[in-house]
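A quick write-up on the structure given underneath.
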Amino acid sequence: MKKAVSKKKDKIRDKIVECEFSQKEFLLFRKKYSGISSVSGKLNKTELQDAIFIMAKKSFRNVIVNILGLLFFSIPGMVAGYPGWVFWFLQPVFLIYMAVYITARMNGHSVCTTFKLARLGLYLIFIRQP
119 MKKAVSKKKD
129 KIRDKIVECE
139 FSQKEFLLFR
149 KKYSGISSVS
159 GKLNKTELQD
169 AIFIMAKKSF
179 RNVIVNILGL
189 LFFSIPGMVA
199 GYPGWVFWFL
209 QPVFLIYMAV
219 YITARMNGHS
229 VCTTFKLARL
239 GLYLIFIRQP
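Heads up: the sequence shown begins at 119 in our numbering, then just goes up one per residue.
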């Protein structure tokens, strides 16, 4: 049982490495979640990883909520058929980018960091990691 859990954690660590967070982004994560440290004011690797998991899941959830909100406001345009078939092809791209942009501005991160966190959150949600 422990081997299965450790393999899952190794997969997650590999996924974080694949996201290629910059040093500046790691410093942002440390600064944002320095309050969750138990005794000292510093985060160890496990606590930093937990903070990244929390931020990734929240970012993904916020992106989905923003997509639904933007979709709600674009329904009248879709019903009216404005501006035609181009609208239908560009709508998903617009919704995803604007949702990531709005989430980034809400959280005070860059768009690139928010996109990486949302992508990691999507991965974490589908492997059911608490």
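Idealized CB from N, CA, C, for every residue including glycine.
By the C-beta density criterion, I220 is buried, having at least 16 other C-beta atoms within 10 angstroms. Per the C-alpha coordinates, the member of F244, I243, L242, A236 positioned closest to N184 is A236. The segment 200 to 216 and the segment 160 to 179 do not touch, with fewer than three beta-carbon pairs separated by less than 8 Å. Distances from the alpha-carbon of K234 to those of A174, F205, Q141 put A174 closest.
As for any alpha helix (DSSP H) of minimum length 4 sitting wholly inside the segment 167 to 233, the runs are 203 to 225, ordered along the chain.
Taking C-beta atoms as the reference points, V218 and V181 count as a pair closer than 8 Å. Taking C-alpha positions only, L188 is separated from L213 by approximately 7 Å. The beta carbon of F139 lies closer than 7 Å to those of K234 in the same chain, with the five residues before and after it left out.
In this structure, the CA atom of N225 is about 9 Å from the CA atom of S177.
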